[in-house]
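Participant: The listed protein sequences correspond, in order, to chains A and V.
With the numbering used here, the residue at position 17 of the first sequence is 227, and numbering never jumps.
With the numbering used here, the residue at position 79 of the second sequence is 289, and numbering never jumps.
Number of protein chains: 2
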Amino acid sequence: VLNLIGLGLFDEKDISLRGLEVLKSSDKVYAEFYTNYFGADLKRLEELAGKPVTVLSRADVEERPEATVLKHAKSKNVSFLVSGDPLVATTHADIAGRAKALGVEVGVVHSSSVISAVAECGLQAYKFGKTTTLPFPQPNYEPTSPYEAIRGNQSLGLHTLVLLDVKATEGRYMSVGEGIDVLHSLEAKLSQKVFTEDTQIIGMARLGAPDRVIKAGKAEDLKKTDFGGPPHVLVVPGKMHFMEEEALSQYSG
Amino acid sequence: VLNLIGLGLFDEKDISLRGLEVLKSSDKVYAEFYTNYFGADLKRLEELAGKPVTVLSRADVEERPEATVLKHAKSKNVSFLVSGDPLVATTHADIAGRAKALGVEVGVVHSSSVISAVAECGLQAYKFGKTTTLPFPQPNYEPTSPYEAIRGNQSLGLHTLVLLDVKATEGRYMSVGEGIDVLHSLEAKLSQKVFTEDTQIIGMARLGAPDRVIKAGKAEDLKKTDFGGPPHVLVVPGKMHFMEEEALSQYSG
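1) Determine the DSSP secondary structure at A/SER323, reduced to helix, strand or coil.
2) Where does V/GLY229 sit, in a helix, a strand or coil, going by DSSP?
3) What beta strand (DSSP E) runs, 3 residues minimum, are completely inside the segment 229-289 of chain V?
4) Below 7 angstroms CB to CB, which residues in the same chain sit around V/LEU230 once its five sequence neighbours on both sides are set aside?
5) Buried or exposed for A/LYS340, going by 16 or more other Cβ atoms inside 10 Å?
6) Taking the Cβ atom as the reference point for each residue, do V/ALA415 and V/HIS442 lie within a distance shorter than 8 angstroms?
7) Whose Cβ in chain V lies nearer than 8 angstroms to the Cβ of A/GLN334?
8) Hey, does V/ILE325 have any beta-carbon neighbour from chain A nearer than 8 angstroms?
9) Using the rule of at least 16 other Cβ atoms within 10 Å of the residue's Cβ for burial, across every protein chain shown, is V/PHE220 buried or exposed?
10) Along the chain, where does the alpha helix (DSSP H) containing A/GLN364 start, and where does it finish?
11) Excluding the 5 residues flanking V/GLY249 on each side, which residues of the same chain have their C-beta closer than 8 angstroms to its C-beta?
12) Return the CA-CA distance between A/THR354 and A/LEU396, expressed in angstroms with no decimal places.
13) Taking 7 angstroms as the limit between beta carbons, can you name the residues of its chain near A/SER462, skipping five residues before and five after?
14) Please name the residue, chosen from V/HIS320, V/PHE437, V/ALA311, V/LYS399, that lies closest to A/GLN460 on a Cα-to-Cα basis.
15) Taking V/SER326 as the reference, which of A/PRO440, A/GLY216, A/ASP270 has the closest Cα?
16) Can you check DSSP and say which residues form a bridge with A/ARG382?
17) Looking at chain V, is there any beta carbon in it that lies within less than 8 angstroms of the beta carbon of A/THR354?
18) List the residues of chain A whose Cβ lies closer than 7 angstroms to the Cβ of V/ASP295, in chain order.
19) Less than 8 angstroms between the CB atoms is what I'm expecting for V/VAL314 and V/TYR357, so what's the real figure, rounded?
20) Here's the rule: buried if 16 or more other CB atoms are within 10 angstroms of the residue's CB, otherwise exposed. What is A/GLU204?
21) How many whole angstroms separate the CB atoms of V/LEU214 and V/PHE338, which I take to be in contact at a CB cut-off of 8 angstroms?
22) Applying the 10 Å Cβ sphere with the 16-neighbour rule, what's the burial state of A/GLU330?
23) Have a look at A/PHE452, A/PHE437, A/LYS377, A/LYS433 and flag the residue whose alpha-carbon is nearest the alpha-carbon of A/ASN246.
24) Comparing the C-beta of A/THR245 with each C-beta of chain V, is any distance below 8 angstroms?
25) Do the CB positions of A/VAL372 and A/VAL423 come within less than 8 angstroms of each other?
26) For A/VAL232, I'd like the list of residues in its chain whose CB is within less than 8 angstroms of its CB, leaving aside the five on either flank, ordered along the chain.
27) Distance check for V/LYS434 and V/ALA359, CA to CA, integer angstroms please.
28) With a Cβ-Cβ cutoff of 8 angstroms, do A/ASN287 and A/ASP224 count as a contact?
29) What are the residues that DSSP puts in a beta bridge with A/GLY427?
30) Would you mind sorting A/GLU430 into buried or exposed? The rule is 16 or more other CB atoms within 10 Å of its CB.
31) Closer than 6 angstroms by C-beta to V/SER323: which residues in its own chain qualify, once you throw out the five before and the five after it? Chain order, please.
32) Taking 8 angstroms as the cut-off, decide whether the C-beta atoms of V/LYS449 and V/GLY367 are in contact.
33) Which whole-angstrom value describes the C-beta separation of V/VAL263 and V/LEU252, a residue pair presumed to lie in contact below a C-beta threshold of 8 angstroms?
34) Just to confirm, are A/LEU333 and A/MET384 a CB contact at a threshold of 8 angstroms?
35) Would you say V/ALA457 reaches chain A, if we count a Cβ-Cβ gap shorter than 8 angstroms as a contact?
36) So that I know if they touch, is there some Cβ in chain A lying closer than 8 angstroms to that of V/LEU368?
Below, the structure written as structure tokens:
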């Protein structure tokens with residue numbers, strides 16, 4: 211059995227009681243920290259599990275899963291600890307698919323995810339459209355899909371959750387300010403007034419952690435705001451109900 | 211302090227370790243089970259909390275919160291246990307707003323939610339648009355908003371998570387089959403081929419529970435399928451990537 215266990219939003223305390231139960235009964239435990247920031251150290255996870263936890267790299271998971279996370283899953287009880295709610299990240303859904311193709315039974319233990327936790331900013335979770343991810347700028351690589359996702363959602367009055375790039379091996383987690391720069395650069399290129407300096411947005415940092423930060427304001431103002439450590443996300447609101455505006459106002463200015 | 215603690219998807223094991231910690235340190239604990247089905251009994255929650263849990267009705271929460279859940283929150287450590295991830299349901303976001311307006315500090319402990327767990331069907335969580343809820347049919351009340359939400363999402367190629375009505379006090383939880391009937395009735399009225407008998411959809415029951423059921427197929431076929439006990443949800447796919455089609459196929463036929 212391969213059990214995909216969600217670590218939830220921030221640190222080792224965001225795992226569910228069900229997840230902990232499965233973890234403790236596992237023969238072998240793996241974890242990956244390259245898709246998102248993990249707010250605790252490995253030792254605390256190993257204490258919870260009561261056994262060693264093997265940390266896998268992107269290459270381990272995506273290029274040689276048969277030699278790593280899937281190796282013992284046919285005959286043993288294997289757990290794989292992943293950030294947030296499993297199956298939200300494409301890479302975890304892929305592993306589940308590969309396991310099933312090999313005849314390995316797959317179990318999933320859900321946990322908290324930014325996909326629903328984003329409602330903490332005061333916008334209704336039901337009124338979000340497509341979620342998009344901003345990659346770090348690279349020479350000759352500036353995908354326009356995030357801009358198009360926001361524009362499409364706006365056309366239906368829907369809010370957009372904008373996830374920010376993670377390069378964990380380099381210790382780089384895109385900040386709210388860097389995200390705003392990337393969106394301004396796309397606006398300069400595509401000029402459809404989807405994301406201007408006056409666009410009202412929301413920056414959120416370390417959702418689920420005791421020191422989480424939520425700030426609402428104009429893009430140009432939030433760019434100067436220090437949100438502290440990772441992970442960060444951005445929200446670009448669509449049409450707001452007055453109850454949403456009221457809820458959001460507590461995070462303004 | 212008012213702590214909104216998410217009970218997560220199904221039963222008492224879906225609370226997070228952080229949620230349990232806050233629960234144990236609370237002076238007074240409330241819970242509500244009218245917004246969704248809870249898969250365990252109250253006693254198990256009370257054993258976890260190590261103290262009595264007071265169950266609140268819709269009227270307690272929505273009409274007289276100052277006399278119930280908010281009564282002691284200014285001076286004491288009060289916890290309010292709610293289904294799924296807090297703040298996703300409008301009623302919980304309202305209580306948070308009311309508490310803050312009274313000068314009560316509000317804490318949130320996130321947990322698993324159908325909003326992200328829906329990815330278990332094989333469709334990408336990022337590609338869902340607006341979430342809609344189907345109400346039980348009533349004389350002279352048949353809102354067209356669910357139909358319009360699906361149509362809007364389809365126009366952008368996005369999937370739709372369709373939540374199904376809950377009338378907990380009457381023990382009524384809308385089933386996949388009943389939801390299909392409501393959508394067919396809307397189609398008959400609005401005739402825009404958004405939801406026909408041939409529409410490929412997904413029915414999901416008891417996500418997060420060990421006996422969860424996921425079935426994909428034509429609306430007319432799923433209507434005859436027995437999904438067992440509540441809660442149920444429906445998914446109407448938008449444009450599917452071949453990886454999504456492949457992942458979904460394991461739940462077909």
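Beta carbons are placed, not taken as given, at the ideal position from N, Cα and C, and that holds for glycine.
Facilitator: So, from the listed chains and residues:
1) coil
2) helix
3) 238-242, 263-266
4) Closer than 7 angstroms at Cβ, skipping near neighbours: LEU258.
5) buried
6) yes
7) THR300, ALA303
8) yes
9) buried
10) 355-365
11) Cβ neighbours of V/GLY249 beyond the five flanking positions: PHE220, ASP221, ARG416, ALA419.
12) 7 angstroms
13) ALA426, GLY427
14) V/ALA311
15) A/GLY216
16) A/LYS377
17) no
18) SER322, SER326, ALA327
19) Actually they do not touch by this definition, with Cβ atoms about 39 angstroms apart.
20) This structure leaves residue 204 of chain A out entirely; chain A is present only between 211 and 463.
21) Not quite, the Cβ-Cβ distance comes to about 24 angstroms (not below 8 angstroms), so this is no contact.
22) The residue in question, A/GLU330, is buried, as its Cβ has 16 or more Cβ neighbours within 10 Å.
23) If we check each option's Cα against that of A/ASN246, A/LYS377 comes out closest.
24) no
25) no
26) ASN213, ILE215, SER289, GLY317, VAL319
27) 25 angstroms
28) Between A/ASN287 and A/ASP224, the C-beta gap is not smaller than 8 angstroms, which leaves the two residues out of contact.
29) A/ILE411
30) exposed
31) GLY294, ASP295, VAL298
32) In this structure, V/LYS449 lies near V/GLY367, with their beta-carbon atoms less than 8 angstroms apart.
33) 6 angstroms
34) no
35) yes
36) yes
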